[in-house]
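Just so you know, the protein sequences line up as chains A and B, in that order. First residue of the first sequence? That's 469 in our numbering, and the numbers climb one at a time after it. First residue of the second sequence? That's 619 in our numbering, and the numbers climb one at a time after it. Yeah, the Cβ is synthetic: ideal placement off N, Cα and C, and Gly gets one too. Note that the structure is predicted; figures quoted are calculated from it, not measured.
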Amino acid sequence: MKPKDNSTPIKPAEAAVPFWRDAGKRAIFIQIIALFMVGGVSYYLFSNTQANLARQSIATGFGFFGKEASFEIGESLIRYSASDSYARALLVGVLNTLQVAFIGIILTTILGSIVGVARLSTNWLLSKVAGAFIEVMQNIPVLLQLFFWYAIFYESFPPPRQALTPVNGIVLCNRGFIFAIPEAHSAYPAMGLMFLAVLIGGWFMNRWGHRRQELTGQAFPAGRITIAMIIILPLLIWALYGAPTAMNMPELRGFNFQGGLTLSPEFMALLLGLVLYTSAFVAEIVRAGIQSINRGQIEAAKAIGLRSGQVLQLVIFPQALRVIIPPLTSQMLNLTKNSSLAVAIGYADFVAVANTTINQTGQAIEGVAMIMVVYLVFSLSTSLFMNWYNKHMALVER
Amino acid sequence: MKLTKVLVLVLGLCLTFGTFAYAGKDLDAVKAKGYIQAGVNGSVFGFGMPDAKGHWAGLDVDTARAIAAAIFGDASKVKYTPLSAQQRFTALQSGEIDVLTRNATRTLSRESQLGLNFVAVNYYDGQGFLVSKKLGVKSAKELDGATICVLPGTTTEQNAADFFRTNNMSWKPVVIESTAELAKTFFAGRCDVLTSDASQLAGTRAIAANPKGYVILPEIISKEPLAPAVRHGDDQFRDIVDFSVLAMINAEELGITSKNVDEMLKSKNPAIQRFLGVTPGNGKSLGLDEKWAYNIIKQVGNYGEVFERNVGVNTSLGLERGLNALWTNGGLMYSPPFK
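Printed below as a string of structure tokens:
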């Protein structure tokens, strides 16, 4: 018998499938309708908002950027006064938020890693203390923690006229911690450049050392040499420029201390509160990452003679990082967004400045849209960088 | 069939969205609700703060009650929303509250840019500085380099900046959103000075642990006419709110108090007859019951009674009438004729 030939299509005896029963065509039709509806609703909302604002004669648009701000800001990284524009005030807010977020993320990562590793320590006391820290910090709402640290800073320290000066040049009072800093001199930028140069040179030296180790098996103490150079070379530069010792000392003039570097109670409370809170979560993430490593890895590493510290550094962390980095990114974004709670304790972050702007110009929609865009930019940049770093650390697999 | 269900659902949503487009007349909405939603301060003693039992009391609270008495004949038909300085105007703009009785200063930019209408002033105030007596400061001109606690988003912030700039002095702000937190921070010593409207400073000092240790400096650096506010768009509602405030002032001018208002109904004075609705006309033109002014005075009192009850010399704030006295007594309280 000739085998049935299944390659030719069977001609349908009935007419083509009607339009509304054809799944593919129906899907396209519904998607077009949905697109029109979304577009229609968006247009409706937008034009309705515009009409309502115009009817109530509320100003719209971003023209207020050029107007005079006429409010002071407590602390700023750039020069700012009440006669500057709203745009400059908002820039001050952005820089303040960036300052807290940047320093906060670095400190959180360091503290979180230490606490996470301590939690896994074989030392009973260390692991219990770390465990208690994690439980307490994770479970108390972050706003309460901020209020607590702020109250500590302005209640337990004396007013400026009775400030504590443990060392000449360090002042502790309820207006902040004020440190004497070196007077501006041309030696310091040069020292800064030398510091950067040593860091870059050290990185190259490290790579050369690794390659030498692969070829000859001899370890090269690149880390120790870099640390030594970081201390010695900038000091040499300092000496070359005439060893300037003039310091910008804090002095009590009138109501407050002038001069030196001031860390306000608001900034310290915000930083401390956020770092302690977020590092508890990071500690758990680090612990999860380390525990995800196969026990066999640790046993094998010990078997070839690596010390505990080297096991952690060379075998465990490189593998654990792949598990740690994605949730760590989330915690970094959380810290950035939680910094907006600064408005409750008086730190002039972006949300606080934008709120004042909204209140004075009456343009709530533009103001909130601005806040959303700024935080979106912060969050997207952070996760972009961390995702790049994650790919960089990824295991090269099939 | 699933497609039909989806289409029906979407159609239903479109219909619900349709009703939001038109915001509606404020007065109709208020009458339909049966009460007024008033935005108040919540943290300033003497103006708008709940007492120990949770009853709201204060000058602004009484103003809101007067409006309710005018519209509904019952001063208790008010619900209060405590608002911070930053939320107050947005709450009014968005329709969350009907009237803002929250010691808000009337300014040009607020009236023109925010889409609000301020009505008659219910308290003439000015900005002052509260300092601890321990600092030994006698005048605001000695405050160069001081740290000053101030609320964000207020005219206070701007006025302080202007004052210090004019006098070539520098200052550092400590800016906290909550009035109660700000007062706590000031009394703990975080800042040298607390600045706000002088009446608010008196109220804050009155509930402090040690009121005698603080002094309000003599300089009053600004004019702060505090007035209730309503949204643009409903002129009738605005007139009602406006004349509710003025009714209390007019009553004091005519010598009518909550105690003698019933006898005043029998008065032969045509001005009093028109005011209390014995001669009809005022109520109808405002769209209210003819006894609207009578209800206000009977249930809330005239301006003098409201002032003395909340912030007067016998209260812990101990404020004199000053600018808030009647124009016949050297103050600024002056009502247009009620006819």
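With a 10 Å radius around its C-beta and 16 neighbouring C-beta atoms as the bar for buried, classify residue 490(A) as buried or exposed. exposed
For residue 615(A), which residues of its own chain have a beta-carbon under 8 angstroms away from its beta-carbon, when the five flanking residues on both sides are left out? 812, 813
Please go through the same chain and pick out, in chain order, the residues whose beta-carbon is closer than 6 angstroms to the beta-carbon of residue 782(B), but skip the five residues on each side of it. Here residue 782(B) has 789 as same chain residues with Cβ atoms under 6 angstroms from its own Cβ, once five neighbours each way along the sequence are excluded.
What residues from chain B crowd round residue 824(A), counting only those whose CB sits closer than 8 angstroms? 704, 770, 771, 775, 793
Closest by C-alpha distance to residue 748(A), when choosing among 587(A), 653(A), 835(A): 587(A)
Determine, using beta carbons only, whether residue 737(A) and residue 561(A) come nearer to each other than 8 angstroms. The answer is no: Cβ separation not under 8 angstroms.
With H, G and I counted as helix, E and B as strand and the rest as coil, what does DSSP make of residue 540(A)? coil
So, is the C-beta of residue 808(B) closer than 8 angstroms to a C-beta in chain A? Cβ-Cβ to chain A under 8 angstroms: yes for residue 808(B).
Would you tell me roughly how many angstroms separate the C-alpha atoms of residue 528(A) and residue 719(B), rounded to the nearest one? 26 angstroms
Where does the unbroken alpha helix (DSSP H) through residue 922(B) begin, and where does it stop? 921-928
Indicate whether residue 731(B) and residue 538(A) have their beta-carbon atoms separated by less than 8 angstroms. no
Kindly list, in the order they appear in chain A, the residues whose Cβ is closer than 8 angstroms to that of residue 657(B). Contact of residue 657(B) with chain A by beta-carbon distance below 8 angstroms is absent, the smallest such distance being about 14 angstroms.
Return helix, strand or coil for residue 750(B), following the three-state DSSP convention. strand
Tell whether a beta-carbon distance below 8 angstroms holds between residue 875(B) and residue 813(B). no
Per-residue DSSP class, three states only, for residue 895(B): coil
Residues of chain A with CB closer than 9 angstroms to the CB of residue 927(B), please, in chain order. Those do not exist, as residue 927(B) stays about 31 angstroms from chain A at its closest Cβ, beyond 9 angstroms.
Given 8 angstroms as the limit, is there contact between the stretch 827-836 of chain B and the stretch 692-703 of chain B, that is, 3 or more CB pairs closer than that? no
Contact list for residue 885(A) against chain B, beta-carbon separation under 9 angstroms: Nothing in the structure corresponds to residue 885(A), since chain A is present only between 469 and 866.
Delimiting residues of the alpha helix (DSSP H) encompassing residue 699(B): Careful: residue 699(B) lies outside any alpha helix (DSSP H), inside the beta strand (DSSP E) at 696-700.
Assuming residue 844(B) contacts residue 664(B) (C-beta within less than 8 angstroms), just tell me the rounded distance between them. Rounded, the Cβ-Cβ distance is 12 angstroms, inconsistent with contact.
Rounded straight-line distance, which links the Cα of residue 904(B) to that of residue 954(B): 15 angstroms
Give the DSSP-derived three-state secondary structure of residue 790(B) in the structure shown. strand
Is it buried or exposed for residue 544(A), if we count other Cβ within 10 angstroms and need 16 for buried? buried
Are the beta-carbon atoms belonging to residue 705(A) and residue 662(A) less than 8 angstroms from one another? yes
Note down, in chain order, all residues in the stretch 543-567 of chain A with a beta-carbon under 9 angstroms from any beta-carbon belonging to chain B. 543, 549, 550, 551
Please classify residue 832(B): does DSSP put it in a helix, a strand, or coil? Residue state for residue 832(B) is assigned as strand, using DSSP reduced to three classes.
Sub-8 angstroms separation of residue 938(A) and residue 646(A) beta-carbons: No answer is possible for residue 938(A): the residues shown for chain A start at 469 and end at 866.
Mind reading off the beta-carbon distance from residue 701(B) to residue 657(B)? Whole number of angstroms is fine, and I expect it under 8 angstroms. 5 angstroms
For a cutoff of 8 angstroms on Cβ pairs, would you count residue 851(B) as touching chain A? yes
Within 8 angstroms of any Cβ in chain B, is that where the Cβ of residue 499(A) sits? Residue 499(A) does not count as touching chain B.
Inside the stretch 849-897 of chain B only - beta strand (DSSP E) runs reaching at least 3 residues: none
Comparing alpha-carbon positions, which option in 711(B), 712(B), 937(B) lies nearest residue 744(B)? 937(B)
Name the two residues that bound the continuous alpha helix (DSSP H) containing residue 608(A). Where residue 608(A) is concerned, there is no enclosing alpha helix (DSSP H), given that its DSSP letter is neither H nor E.
Residue-chain proximity (residue 622(A), chain B), Cβ-Cβ < 8 angstroms: yes
Put residue 494(A) into one of helix, strand or coil per three-state DSSP. The answer is helix: DSSP assigns residue 494(A) an H, G or I state.
Near-chain A residues of the stretch 707-734 of chain B - C-beta to any C-beta below 9 angstroms: 707, 708, 711, 712, 727, 728, 730, 731, 732, 733, 734
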